[in-house]
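Below is one structure; the comments refer to it alone.
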Amino acid sequence: MQLNSFMMDIIASELEDAVGRENCSTREIDKLTHSVDYFWLSRMWADRGERMPEADIIVAPKDAKETSAVLKIANYYKIPVTTWGGGGGTQGGAIPVVGGILLDTKRMNKIYDVNTRGMYIECGTGAIYKHIEWAANEKGYATMHYPSSLTCSTVGGFLAHRGIGVSSTKYGKIDDMTLQMEVVLPNGDIIETSPAPKHAAGPDLNQIFIGSEGTLGVMTKAQMRIYEQPEERRFRGFLFHNMTDAFNAGRELLQKFKPSVMRLYDEAETSTLIKKIVGVEKKGAFMNVAYEGPAALVEVEHKILMDIFNKYGAEDLGSEYGEKWWDEKITFFYPGNMMDLPQCFGTMDTIAPYDKIEKIYWEMKKAIETNFPQARFIAHFSHWYEWGCMIYDRFIVDGDKVPKDPHEALRLHQAIWNCGVRTALANGGVVNDHHGVGIKLGRLMKEQYGPAMQVFEGIKKQLDPNGIMNPFKLGL
Ligand SMILES: Cc1cc2nc3c(=O)[nH]c(=O)nc-3n(C[C@H](O)[C@H](O)[C@H](O)COP(=O)(O)OP(=O)(O)OC[C@H]3O[C@@H](n4cnc5c(N)ncnc54)[C@H](O)[C@@H]3O)c2cc1C
74 MQLNSFMMDI
84 IASELEDAVG
94 RENCSTREID
104 KLTHSVDYFW
114 LSRMWADRGE
124 RMPEADIIVA
134 PKDAKETSAV
144 LKIANYYKIP
154 VTTWGGGGGT
164 QGGAIPVVGG
174 ILLDTKRMNK
184 IYDVNTRGMY
194 IECGTGAIYK
204 HIEWAANEKG
214 YATMHYPSSL
224 TCSTVGGFLA
234 HRGIGVSSTK
244 YGKIDDMTLQ
254 MEVVLPNGDI
264 IETSPAPKHA
274 AGPDLNQIFI
284 GSEGTLGVMT
294 KAQMRIYEQP
304 EERRFRGFLF
314 HNMTDAFNAG
324 RELLQKFKPS
334 VMRLYDEAET
344 STLIKKIVGV
354 EKKGAFMNVA
364 YEGPAALVEV
374 EHKILMDIFN
384 KYGAEDLGSE
394 YGEKWWDEKI
404 TFFYPGNMMD
414 LPQCFGTMDT
424 IAPYDKIEKI
434 YWEMKKAIET
444 NFPQARFIAH
454 FSHWYEWGCM
464 IYDRFIVDGD
474 KVPKDPHEAL
484 RLHQAIWNCG
494 VRTALANGGV
504 VNDHHGVGIK
514 LGRLMKEQYG
524 PAMQVFEGIK
534 KQLDPNGIMN
544 PFKLGL
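In this note's numbering, the protein residues as written are 74 to 549.
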């Protein structure tokens, strides 16, 4: 948004009055660092010497009251507001694509209460998730939310994208871990959702804001569940020689009990990442299963697991590889292991029920590798539910095959995404499981929802009639 310098000064002075001058910045370096998140396009654009769209001013309120003051000013002047947590999102959600105010939540990082009776932590949404995990650990508990970006992303960011961690199969996604939230609406009103979820007092307000990617307001405080540390956490690695058997075994296991971790790697990932990081040398599809809780229950679960996996011909690799996987779970994202520039890449992150998921995997692989011979397709299946699972499906184009011109590189990236996601949609999948939509997938939301999109648009129009909150994200 282009503001003339007179109006910019007027608005900046009002924002400084609201949050303190030291908590507002118009410095070039701050604008630059808040213009690139973990979205490949933004990183490529900057890497090629181009400048991403930047905010006019960055403000960091300390609580809901200050956030409310900022949103009231923004609403009055009709200035866009983009909320920024850790900037670790992969969908361009936190990028201020039309300028305006960038609202950085990181001063809202206070831990108010570790409540071991109510089994929750109350904290500001700007807290890095690892910090609330430490707070829980100090009292002998755990959050059980272990995404690979635990140390760089915030509570608010995970809520905004409906994030997930490696132990999701037992403990659920972030929405299953949320009790109550404080939210500042676009008009500046501060609201609280109900003190307990799963009620019958109308639709659950938490679920309106979770996954809304900063388009409906700013979440400022949250009560996140904590859990007892398990008496025992046991691991078992397996090798499948046939993906269909692996899906059948996983599906059947989920009808009996919920392991915490369940990860199936296709042959391409087993022979590369799993070989390098976990040390599995054999050919096949590696699957790691962790099950945890009271020791007596773990023993029973072990027997059920072995019986089912044996039936589907899984080769038992013992506990060693699974334990190594757990220790190295974040190493997968370290430089050298993670895809990185100058490669062109994307994680498509598709979710579907069991009757569709395997077909989606093969169809996406075929569509991408046929239409884009310069691309490789690799996948693992990270999060399993009783009814289906998600594909962490990735395409990679090596640097020497990526156009040097950033405009052409952008078009290639968009085209591969269109191909992959449209193939998933055509076969009954959903656009995304846990990375969110952002600017990256906004155009595909209407294709996903059709006329149902008007429900989201209606809520948006009602809560944010001036359209100031995170424009163009989530397809809104
Ligand atoms: C190496 C790596 C590994 C990753 N692994 C995982 C993983 O295992 N699981 C997973 O779920 N994700 C993962 N991600 C993705 C990323 O960590 C998540 O999308 C996370 O939710 C982003 O949080 P953030 O604080 O960094 O948010 P940002 O990138 O700052 O913002 C993301 C979106 O949330 C909105 N937002 C942020 N805070 C608020 C708030 N308080 N109120 C309203 N809207 C808000 C922003 O406007 C934006 O739309 C990974 C990312 C990387 C780089």
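The beta carbon of each residue, even a glycine, is placed where N, CA and C say it ideally should be.
All figures in this text were calculated on a predicted structure; none of them were measured in a lab.
- Item | Given 8 Å, three or more beta-carbon pairs between the stretch 457-474 and the stretch 351-359 | no
- Task: Give the range of the beta strand (DSSP E) segment to which L514 is assigned.
- Result: No beta strand (DSSP E) contains L514, which DSSP labels as neither H nor E.
- Item | Start and end residues, alpha helix (DSSP H) containing W490 | 479-499
- Answer yes or no: do Q164 and H508 have a C-beta to C-beta separation smaller than 8 Å? yes
- Task: Return the CA-CA distance between P126 and I381, expressed in angstroms with no decimal places.
- Result: 53 Å
- Can you check the stretch 203-242 for any alpha helix (DSSP H) of at least 4 residues that lies completely inside it and give the ranges in chain order? 228-234
- Query: Helix, strand or coil: how does DSSP classify I283 here?
  - Reply: coil
- Query: Does the beta-carbon of I264 have 16 or more other beta-carbons within 10 angstroms, so that it is buried, or is it exposed?
  - Reply: exposed
- Got a sec? Which residues, its chain only, sit under 6 Å from C225 by beta carbon, not counting five neighbours each side? G159, G161
- Item | Exposure label - T262; buried when at least 16 CB within 10 Å | Residue 262 is actually Asp in this sequence, not Thr. Exposed, since its Cβ has fewer than 16 Cβ neighbours within 10 Å.
- When the distance is taken between beta carbons, is V503 closer than 8 Å to I430? no
- Item | Contact test: H453 Cβ vs ligand 1 heavy atom, cutoff 7 Å | no
- Task: Rounded to whole angstroms, what's the CA-CA distance from C492 to C417? Just pull it up for me.
- Result: 15 Å
- Message: To the nearest angstrom, how far is the alpha carbon of Y300 from that of W118?
- Response: 42 Å
- How many angstroms separate the CA atom of L35 from the CA atom of K203? Because the chain spans 74 through 549 in this model, residue 35 falls outside it and cannot be assessed.
- Where does K397 fall in DSSP's three states? helix
- Range covered by the alpha helix (DSSP H) that runs through D103: 101-106
- Query: Is the beta carbon of M359 less than 8 Å from the beta carbon of I377?
  - Reply: In the sequence on display, residue 359 carries Phe and not Met. Not a contact, by the Cβ cut-off of 8 Å.
- Item | Validate contact between the stretch 428-448 and the stretch 392-405 using beta carbons, cut 8 Å, 3 pairs | no
- Quick one: grab the DSSP three-state call for F330. coil
- Is V109 near ligand 1, judged by its Cβ being under 7 Å from some heavy atom? no
- Message: Using only the alpha-carbon positions, how far apart do I541 and R121 sit?
- Response: 30 Å
- Query: Given K151, which residues of its chain have a CB within under 8 Å of its CB, disregarding the five upstream and five downstream residues?
  - Reply: N539, I541
- Query: Does the stretch 385-393 come close enough to the stretch 302-320 to have 3 or more Cβ pairs within less than 8 Å?
  - Reply: yes
- Message: Relative to the C-alpha of S267, which candidate in N279, N260, P259 has its C-alpha closest?
- Response: N279
- State the DSSP-derived secondary structure class of I194, mapped to helix, strand or coil. strand
- ligand 1 heavy atoms versus the CB of V291: any closer than 7 Å? yes
- Query: What does a CB cutoff of less than 7 Å around K438 pick up in its chain, not counting 5 residues either side in sequence?
  - Reply: F450
- Task: Put Q527 into one of helix, strand or coil per three-state DSSP.
- Result: helix
- Touching or not, the stretch 230-245 and the stretch 518-528, by the rule of three or more beta carbon pairs under 8 Å? no
- Task: Mind reading off the beta-carbon distance from T293 to T140? Whole number of angstroms is fine, and I expect it under 8 Å.
- Result: 5 Å
- Query: Can we say the stretch 313-321 touches the stretch 226-235, given the rule of at least three CB pairs closer than 8 Å?
  - Reply: no
- Task: Check whether the Cβ of W157 lies closer than 7 Å to any heavy atom of ligand 1, and answer yes or no.
- Result: yes
- Message: Between T216 and ligand 1, is there a pair consisting of the residue's CB and a ligand heavy atom that are separated by less than 7 Å?
- Response: no
- Item | Selection from Y364, I403, R298, E436 that minimises the alpha carbon distance to I194 | R298
- Message: In the DSSP assignment, the alpha helix (DSSP H) including R116 goes from what residue to what residue?
- Response: 113-120
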